[in-house]
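A.B. asks: Protein chains in written order, with this note's numbering: chain A, 105 to 212; chain B, 105 to 212.
Even for Gly, the Cβ is constructed at its ideal location relative to N, Cα and C.
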DNA sequence: ATCACTATCTTGCAATGCAAGATACCCAAA
DNA sequence: TTTGGGTATCTTGCATTGCAAGATAGTGAT
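Next up, the structure:
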């Protein structure tokens, strides 16, 4: 899997998942890993960025089976950023897919 | 337009376009600009990388209306790299779109 | 001469995924 | 007791790559 593809998209995926319900970092890694490869070293710094930018807020919660979990919750700003990112992604993805499509059409 | 989205995808787009016919740098900028924003400062270093990696070969050709054009041609290695990239992109893109799709389903 | 269009190239910055490693809690098995 | 595995968080530093900015240069029209 080309790591470069994920640039910028991970933010969007995390914010999309947080839009459904609050999640903690380790949980996000597992949720996204079901779709494509991802590592913890990507998620934790990313969550810190989202926090700094005011897109998420956090709270701690005991778990009973390990250390406390730090849950992340989308803020209003985060929702706006998420929606913008999703819109941009769809436009971009469509443009790329149509380019690729034309090429493979002409190939045969 | 989120510049991060383009990481890795530009390589693929350039190689896809070169798969149809040889093109020169400036031409590639214009071809891709029809789909999404792109700058010359991205394309020329990218083409140099593709050359270093053996994915393209080049030749000069007079144009009559400006300086000589440096045409780029996909090598066999380049074709293989292109096909792999396209395959990976489609898998990744599908995964991301399905994740986004589920979110927007539950939202609306 | 001056401007616009065409065309190429380089430098250096910014963003970000990730490998690697550290820390720490809980539980079960040896 | 201690060893190991699963859960959970965090940091450092590297590699990749898009792009702004600027340099260079040919052609043709004003």
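Could you give the distance in angstroms between the alpha-carbon of residue 168(A) and the alpha-carbon of residue 203(B)?
C.D. replies: So the two alpha carbons sit approximately 30 Å from each other.
A.B. asks: Go ahead and label residue 184(A) buried or exposed: buried means 16 or more other beta carbons lie within 10 angstroms of its beta carbon, across all protein chains shown.
C.D. replies: Result: exposed.
A.B. asks: Closer than 9 Å by beta-carbon distance: list the chain B residues that pair up with residue 197(A), in chain order.
C.D. replies: By Cβ distance, chain B contributes 109, 197, 200, 201.
A.B. asks: With a threshold of 6 Å on Cβ separation, who are the neighbours of residue 147(A) within its own chain once the five nearest residues in sequence on each side are excluded?
C.D. replies: If we look at residue 147(A) and ignore the five residues flanking it on each side, its Cβ neighbours are 129, 132, 133.
A.B. asks: Examine chain B for any beta-carbon lying closer than 8 Å to the beta-carbon of residue 123(A), and answer yes or no.
C.D. replies: It does; some Cβ of chain B falls within 8 Å.
A.B. asks: At a CB-CB cut-off below 7 Å, which residues of chain A make contact with residue 139(B)?
C.D. replies: Going along chain A in sequence order, the residues near residue 139(B) (Cβ under 7 Å) are 199, 203.
A.B. asks: At a Cβ threshold of 8 Å, is residue 112(A) touching chain B?
C.D. replies: At least one chain B Cβ lies under 8 Å of residue 112(A).
A.B. asks: For residue 212(A), which of helix, strand or coil comes out of DSSP?
C.D. replies: Only weak support is given to the placement of residue 212(A): the predicted model assigns it a pLDDT of 45, under 50, and the value that follows is read from those uncertain coordinates. Coil.
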